[in-house]
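For reference, the structure is listed below as structure tokens.
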Amino acid sequence: EDKVVQSPLSLVVHEGDTVTLNCSYEVTNFRSLLWYKQEKKAPTFLFMLTSSGIEKKSGRLSSILDKKELSSILNITATQTGDSAIYLCAGASDSWGKFQFGAGTQVVVTP
Amino acid sequence: GAGVSQSPSNKVTEKGKDVELRCDPISGHTALYWYRQSLGQGLEFLIYFQGNSAPDKSGLPSDRFSAERTGGSVSTLTIQRTQQEDSAVYLCASSLTGRNTEAFFGQGTRLTVV
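The listed protein sequences derive, respectively, from chains B and H. My numbering puts the first residue of the first sequence at 127, with every later residue one more than the last. My numbering puts the first residue of the second sequence at 36, with every later residue one more than the last.
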């Protein structure tokens with residue numbers, strides 16, 4: 127059965143710290159891995175990683191896909207209180223159209 | 036529209052009643068998804084529409100749940116004879132082509148069954 131597992135489930139850091147979030151996947155006919163940030167209700171898109179694009183960066187956020195280890199990490203440097211959110215990763219397959227989401231990592235950044 | 040629009044934003048209903056949730060995807064997006072998120076849980080896939088293809092209904096939890104997409108645009112998720120365990124946030128998303136394109140989410144409908 128396809129699955130996506132995120133770790134840790136939650137963490138608390140101080141402003142300025144760096145956080146690393148993990149996502150491992152078992153997805154048949156893997157196509158891509160996506161990261162989302164969820165602050166209230168709507169997840170907002172961060173990155174999509176594929177075989178042809180295994181590393182993405184935007185400002186203080188960056189993400190890498192490790193196809194050998196079937197995993198991805200999301201890094202946030204110089205964290206700010208506005209980074210407090212649930213971070214979700216999702217796997218996509220060539221076998222089906224849905225996105226398979228992990229349970230998410232809740233990040234709390236304290237002043 | 037500029038983004039995915041869902042209505043209502045909140046819905047409180049009595050157990051046993053039927054509810055309809057609406058999703059208006061981004062204009063031109065051919066793929067549409069419904070997910071639900073129970074308190075403290077991840078996103079649970081419900082149903083996926085892609086163009087004129089038969090929808091993937093594999094995530095619908097029971098035959099009380101159904102969804103349709105009219106004219107390849109607006110979608111309605113219907114829950115019949117609601118139960119308390121149906122209480123959740125129902126999220127709709129759309130993507131340009133469904134394959135190798137990211138999905139954009141609406142603000143969701145928070146359903147509370149009392």
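Note that CB positions come from ideal geometry on N, CA and C, so glycine has one too. Keep in mind it's a predicted model, so treat the numbers as computed, not measured.
{"Check": "Classification of D220(B) by the beta-carbon crowding that lies within 10 angstroms, buried from 16 upward", "Outcome": "exposed"}
{"Check": "Bridge-paired residues (DSSP) for P169(B)", "Outcome": "Q164(B)"}
{"Check": "Coarse secondary structure for D143(B), derived from DSSP in three states", "Outcome": "coil"}
{"Check": "S40(H) versus V109(H) - alpha carbon distance", "Outcome": "10 Å"}
{"Check": "Cutoff 6 Å; reference L78(H); Cβ partners in own chain excluding five residues on either side", "Outcome": "Y70 and Q72"}
{"Check": "Cutoff 7 Å; reference S122(H); Cβ partners in own chain excluding five residues on either side", "Outcome": "L146, T147 and V148"}
{"Check": "Beta-bridge pairing of K46(H) - partner residues as DSSP gives them", "Outcome": "L146(H)"}
{"Check": "DSSP state of T236(B) mapped onto helix, strand, coil", "Outcome": "strand"}
{"Check": "Distance cut-off 7 Å: N201(B) Cβ against heavy atoms of the ligand HEM", "Outcome": "Questions concerning the ligand HEM fall outside what the structure shown contains, since it holds no ligand whatsoever."}
{"Check": "Short CB-CB distance (under 8 Å) between F227(B) and chain H", "Outcome": "yes"}
{"Check": "Three-pair Cβ contact test at 8 Å for the segment 133-140 of chain B versus the segment 177-187 of chain B", "Outcome": "no"}
{"Check": "Inter-stretch contact at 8 Å, needing at least 3 Cβ pairs: the segment 206-216 of chain B / the segment 89-101 of chain H", "Outcome": "no"}
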